[in-house]
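Contents: one structure, followed by commentary.
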Amino acid sequence: FGGTKDSGLEPFAQRFVAAGLDVFAFDYRGFGASGGQPRQSLSVRRQIGDYHAAVEAAKKLDGVDSGRIALWGASFSGGHVLRVAVERDDVGAVISLTPLTSGMAVSRYAMASRNMITSLRWTLTGVKSRIAVGRGGAPTMMPLVSPVGEAGALALEGAYESYTALAGPTWRNEIDSSIGLEVVGIRTAAAAKKLR
């Protein structure tokens, strides 16, 4: 999550194009080159909506066969493409790399990798941020990735190095601190079982 289309996705797009596919890459609203407020505030519901909007926009492009739409996503968006495919009749294929399918499992792992006080502090900060955004205010930001032992949404071994190595010009190392509240509710595995 928190990635932008200019952060390591171009080689994938080039391979798809070389294989004869049309590619429609986009940034979620509030991230990268896309508009939208608040910035860097992740909402699974909005991101799923962005995928639906992207499919509709791609289908209107000249030369695109609207009967042969494929979705591609990795990690967080890997889960999104599974959910979107279940919700649409016009998706013919899905490529989902290492999809996030259980927010609860990820949340348990994140809690176990931090000390309890840090976890509780960031959870409280996230709740306050969610309330502020709900009232039209600005979110409280935290680092998206950080070295192990430092505060960050992804403070896991290798995450900081991987993200920053791929970071494009529009990527920002910050995310709304309510991210944990958003992730815990993800239940993509149940949706994936409905794929035909």
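Sequential numbering of the sequence shown, starting at 9, is according to our numbering. For every residue, glycine included, the Cβ atom is placed at its ideal position computed from N, Cα and C. Quick caveat: nothing in here was measured; it's all calculated off a predicted structure.
Are Leu69 and Gly86 closer than 8 angstroms when you measure CB to CB?
Numbered from 1 along the sequence shown, position 61 holds the residue referred to as residue 69. Numbered from 1 along the sequence shown, position 78 holds the residue referred to as residue 86. No.
Per-residue DSSP class, three states only, for Val135
Numbered from its first residue, the sequence shown carries residue 135 at position 127. The answer is helix: DSSP assigns Val135 an H, G or I state.
Leaving out five residues on either side along the sequence, give the residues of the same chain with a beta carbon under 6 angstroms from the beta carbon of Ser186.
Here the question's residue 186 lines up with position 178 in the sequence shown. Gly134, Ser137 and Arg138.
Per-residue DSSP class, three states only, for Gly100:
The residue given as residue 100 occupies position 92 in the sequence shown. Correct three-state label for Gly100: strand.
Separation of Gly81 from Gly57, as counted between CA atoms:
On the sequence shown, position 49 is the one that residue 57 refers to. On the sequence shown, position 73 is the one that residue 81 refers to. Going from the Cα of Gly57 to the Cα of Gly81 covers about 15 angstroms.
Under the rule that 16 or more other beta-carbon atoms within 10 Å means buried, what is Phe32, buried or exposed?
The residue you call residue 32 lines up with position 24 of the sequence shown. So Phe32 counts as exposed.
Give every residue of the same chain whose Cβ lies closer than 8 angstroms to the Cβ of Ala27, excluding the five residues on either side of it in the sequence, and list them in chain order.
Taking the sequence shown and counting its residues from 1, the one referred to as residue 27 is at position 19. Closer than 8 angstroms at the Cβ level, and outside the excluded window around Ala27, lies no residue.
Restricting to runs no shorter than 4 residues, where is the alpha helix (DSSP H) found entirely within the segment 107-182?
111-120, 124-142 and 167-174
Judging by CA-CA distance, which residue of Gln55, Trp179, Pro147 and Leu174 is the nearest neighbour of Gly16?
Position 8 of the sequence shown, counting from 1, holds the residue named residue 16. Checked all of Gln55, Trp179, Pro147 and Leu174; the closest Cα to Gly16 is Leu174.
Contact under 8 angstroms by Cβ, Leu162 with Glu182
For the purposes of this step, residue 162 is taken as residue 154 along the sequence shown, with counting starting at 1. For the purposes of this step, residue 182 is taken as residue 174 along the sequence shown, with counting starting at 1. Not closer than 8 angstroms, so no.
For His88 and Ile103, what's the separation of their Cα atoms in angstroms?
On the sequence shown, residue 88 is found 80 positions in, with the first residue counted as 1. On the sequence shown, residue 103 is found 95 positions in, with the first residue counted as 1. Taking the straight line from one Cα to the other gives about 11 angstroms.
Quick one: what does DSSP say Ala200 is sitting in, helix, strand or coil?
Here residue 200 refers to the residue found at position 192 when the sequence shown is read from its first residue. Three-state DSSP puts Ala200 in a helix.
Outcome for Pro19 when other beta-carbon atoms lying within 10 angstroms are tallied against a minimum of 16
Position 11 of the sequence shown holds residue 19. With fewer than 16 Cβ atoms within 10 Å of its Cβ, Pro19 is classed as exposed.
Please state the DSSP three-state secondary structure of Ala61.
Counting from 1 along the sequence shown, the entry for residue 61 is found at position 53. Three-state result, Ala61: helix.
Given this structure, state the Cα-to-Cα distance separating Gly75 from Asp14, to the nearest angstrom.
Taking the sequence shown and counting its residues from 1, one reaches residue 75 at position 67. Taking the sequence shown and counting its residues from 1, one reaches residue 14 at position 6. Taking the straight line from one Cα to the other gives about 28 angstroms.
Within its chain, find whatever has a CB closer than 7 angstroms to the CB of Val191; leave out the 5 residues flanking it on each side and keep chain order.
The residue given as residue 191 occupies position 183 in the sequence shown. Within the same chain, Val191 has close Cβ partners Gly111, Val114 and Ser115.
With distances taken between CB atoms, is the gap from Ala78 to Ala62 smaller than 8 angstroms?
As a first step, residue 78 is located in the sequence shown; it is residue number 70 there, counting from the start. As a first step, residue 62 is located in the sequence shown; it is residue number 54 there, counting from the start. No, the Cβ-Cβ distance between Ala78 and Ala62 is not below 8 angstroms.
Roughly how many angstroms lie between the CA atoms of Glu165 and Asp73, to the nearest whole one?
In the sequence shown, the residue the question calls residue 165 occupies position 157. In the sequence shown, the residue the question calls residue 73 occupies position 65. Cα-Cα distance, rounded: 42 angstroms.
On the DSSP bridge assignment, give the partners of Ile77 in chain order.
Start at 1 with the first residue of the sequence shown, and residue 77 comes out as number 69. Answer is Val99.
Hey, how far is the Cα of Ala198 from the Cα of Thr148?
Your numbering for residue 198 matches position 190 in the sequence shown. Your numbering for residue 148 matches position 140 in the sequence shown. Looking at the two C-alpha atoms, the distance is approximately 31 angstroms.
Determine whether the beta carbon atoms of Thr12 and Asp35 lie at a separation below 8 angstroms.
Working through the sequence shown from its first residue, we reach residue 12 at position 4. Working through the sequence shown from its first residue, we reach residue 35 at position 27. Against a cut-off of 8 angstroms, the Cβ pair of Asp35 and Thr12 comes out as a contact.
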